[in-house]
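Heads up, the thing below is written out as structure tokens.
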Amino acid sequence: MAEKYLLLNGKKFYYDEIAEYSFRNSIPLDGYESKTLEFCRSWLTGVQEFPIQTSGSTGTPKTINLTRQQLEASARKTIKILNLQPGDTALVCLNTEYIAGMMMLARGFMAEMQLIVVDPISNPMKLVPENTLLDFASFVPMQLHKILQDAPEFIPQLNHMKGILLGGAPVNFTLQRELQQLKVPVYHTYGMTETASHVALRLLNGANAAEYYDALDNISLGFDTRGCLTIQGDVTNNELIVTNDLVELLTPSRFRWIGRVDNTINSGGVKVQSEMVEVAVAEALSDLDPMPRFFVTSQPDEVLGERVVLILETEQLPEDQEKELKARLKQLLKKFERPKKYYYCPAFSETPTGKVSKQRTMRKLGLEVT
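Numbering (this note's numbering), first residue to last: 229 to 598.
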């Protein structure tokens, strides 16, 4: 029987040498490669508990411990729903120091897939060995957007896959439209570090594209008095996880995501959900090429209590473009929902996983963090 191995940035590492860490002196490693192989070694030697750092996109990063049992339960769900088989090839291009990348490795080991691990750059497909056929991959939205916009020659490789997972950030209007050219099913994931990656999937493309998420097997959903989603199942060690995500629970296993409760803006006594405003902004900006990143937040207002503001990752828009943007938003949004102020930032601050850090970006602009 052939020895099992993975490819890490083009370097071949056999599982037995990973378990023994016997390659240290023979193959030069950078810091990221070392961290990746340390997780692989822990997995292959049967470690039962894994310390994992949260991303810090919605608060201060922290380290939590997940059991091997939780990671295995999560991996089995994805393997089943995408029909991943021994010998399939998986691309690991997410940061393996965080749950999304770790779970790609875990799925690969559990399903006995061939793992190709590359640095988590904006277009990881260019690091894949030539003529490699991939069966499975997971991207953040920025990566898949970059591939589709700048490197369409990789579309046949994407379409060969059984499925693509997309997570870590919302899918904007432009990417949603771009995804329709793909034949491979692309799923937006819902989950967090505490749930050992995703617990629900939403199909983004094709005839059956949906606006709702379907929970995976053995996941119990509910909501608290605020209307926020609660999650319980084998991936949570059967502990109840209370989220800050406002949802509409359509069935016991299906929900529509509304937004984060801490992104609800009380403007003049009217509750405005910033994510809903962002959908309208994306539509209003859709003719800009490239469309800048942005987010909607609030600032204190003496009259309204809080006012809705829009922060764009770009230089100041020309006066005519800003005027057109405001006119389109006037058509799409009600009075209290419309941004009262526009701020421009040349470069957003980001978390280590590439998510926008709203708080740090606002501080960079000298704005009060509400």
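Glycine residues also receive a C-beta, built at the ideal position from the N, C-alpha and C atoms.
Strand pairing of residue i, partner residues [DSSP]
{"i": "N494", "result": "K499"}
{"i": "G419", "result": "H426"}
{"i": "V345", "result": "L236, V320"}
{"i": "A194", "result": "For the chain, the structure presents residues 229 to 598; residue 194 sits outside this window and is missing."}
{"i": "L457", "result": "F451"}
{"i": "F364", "result": "A318, G391"}
{"i": "G487", "result": "L474"}
{"i": "V414", "result": "I392"}
Minimum Cβ-Cβ distance from residue i to chain D less than 8 angstroms
{"i": "L516", "result": "Any reference to chain D falls outside this structure, which holds one protein chain only."}
Alpha-carbon spacing of residue i relative to residue j, whole angstroms
{"i": "L561", "j": "A247", "result": "57 angstroms"}
{"i": "M485", "j": "A303", "result": "The question names Met, yet the displayed sequence has Trp at residue 485. One C-alpha to the other measures close to 23 angstroms."}
{"i": "L513", "j": "L553", "result": "7 angstroms"}
{"i": "M504", "j": "A318", "result": "35 angstroms"}
{"i": "G259", "j": "V500", "result": "44 angstroms"}
{"i": "I292", "j": "M420", "result": "12 angstroms"}
{"i": "V509", "j": "R482", "result": "27 angstroms"}
{"i": "F613", "j": "D244", "result": "As displayed, the chain neither begins before 229 nor continues past 598, which places residue 613 out of reach and without an answer."}
{"i": "Q342", "j": "G391", "result": "16 angstroms"}
{"i": "M229", "j": "I344", "result": "Only weak support exists for where M229 lies, its pLDDT of 46 falling under 50; the coordinates are left without a value."}
{"i": "P289", "j": "Q281", "result": "7 angstroms"}
{"i": "I493", "j": "K240", "result": "51 angstroms"}
{"i": "R566", "j": "D548", "result": "18 angstroms"}
{"i": "P574", "j": "C456", "result": "34 angstroms"}
{"i": "P314", "j": "K232", "result": "11 angstroms"}
{"i": "F364", "j": "V524", "result": "33 angstroms"}
{"i": "N436", "j": "H416", "result": "13 angstroms"}
{"i": "L394", "j": "T360", "result": "21 angstroms"}
Run of the alpha helix (DSSP H) containing residue i, from where it starts to where it stops
{"i": "P369", "result": "369 to 378"}
{"i": "I246", "result": "243 to 248"}
{"i": "Q587", "result": "586 to 592"}
{"i": "Q401", "result": "This sequence places Phe at residue 401; Gln is not what is there. Unbroken alpha helix (DSSP H) run through F401: 401 to 406."}
Start-to-end residues for the beta strand (DSSP E) that takes in residue i
{"i": "D258", "result": "It is not in any beta strand (DSSP E) - D258 carries neither H nor E in the DSSP assignment."}
{"i": "P528", "result": "522 to 529"}
{"i": "E231", "result": "Per DSSP, E231 belongs to no beta strand (DSSP E) and is neither H nor E."}
{"i": "T479", "result": "469 to 479"}
{"i": "Q281", "result": "277 to 281"}
{"i": "G538", "result": "For clarity, residue 538 is Leu in the given sequence; the question names Gly instead. Counting along the chain, the beta strand (DSSP E) containing L538 begins and ends at 533 to 540."}
{"i": "G274", "result": "Taken as a continuous stretch (DSSP letters only), G274 belongs to no beta strand (DSSP E), as it is neither H nor E."}
Could you pull out every unbroken alpha helix (DSSP H) segment of at least 4 residues lying fully inside the segment 289 to 338, listed in chain order? Segments of the alpha helix (DSSP H) lying fully in the segment 289 to 338: 296 to 309.
Should the segment 305 to 315 be called in touch with the segment 327 to 338, which here means at least 3 C-beta pairs below 8 angstroms? Contact annotation: the segment 305 to 315 touches the segment 327 to 338, with at least three C-beta pairs closer than 8 angstroms.
Tell me whether the segment 271 to 281 and the segment 249 to 261 touch, counting them as touching only if at least three CB pairs, one residue from each stretch, are closer than 8 angstroms. Put simply, the segment 271 to 281 does not touch the segment 249 to 261. Fewer than three CB pairs are less than 8 angstroms apart.
The segment 579 to 598 contacting the segment 315 to 326, beta-carbon criterion three pairs below 8 angstroms: Contact holds: three or more Cβ-Cβ distances are below 8 angstroms.
Go through the segment 547 to 581 residue by residue and report every complete run of the alpha helix (DSSP H) that reaches 4 residues or more, in order. 547 to 560, all fully within the segment 547 to 581.
Three-pair Cβ contact test at 8 angstroms for the segment 378 to 397 versus the segment 260 to 269: The segment 378 to 397 vs the segment 260 to 269: no contact.
Within 8 angstroms, do at least three Cβ pairs link the segment 346 to 361 to the segment 372 to 382? Contact holds: three or more Cβ-Cβ distances are below 8 angstroms.
If you pair each beta-carbon of the segment 460 to 468 with each one of the segment 489 to 500, do three or more pairs fall below 8 angstroms? At 8 angstroms Cβ cutoff, the stretches do not touch.
Counting beta carbon pairs with one atom in the segment 439 to 447 and one in the segment 409 to 429, are three or more of them shorter than 8 angstroms? When C-beta atoms of the segment 409 to 429 are compared with those of the segment 439 to 447, three or more pairs fall below 8 angstroms, so the two segments count as touching.
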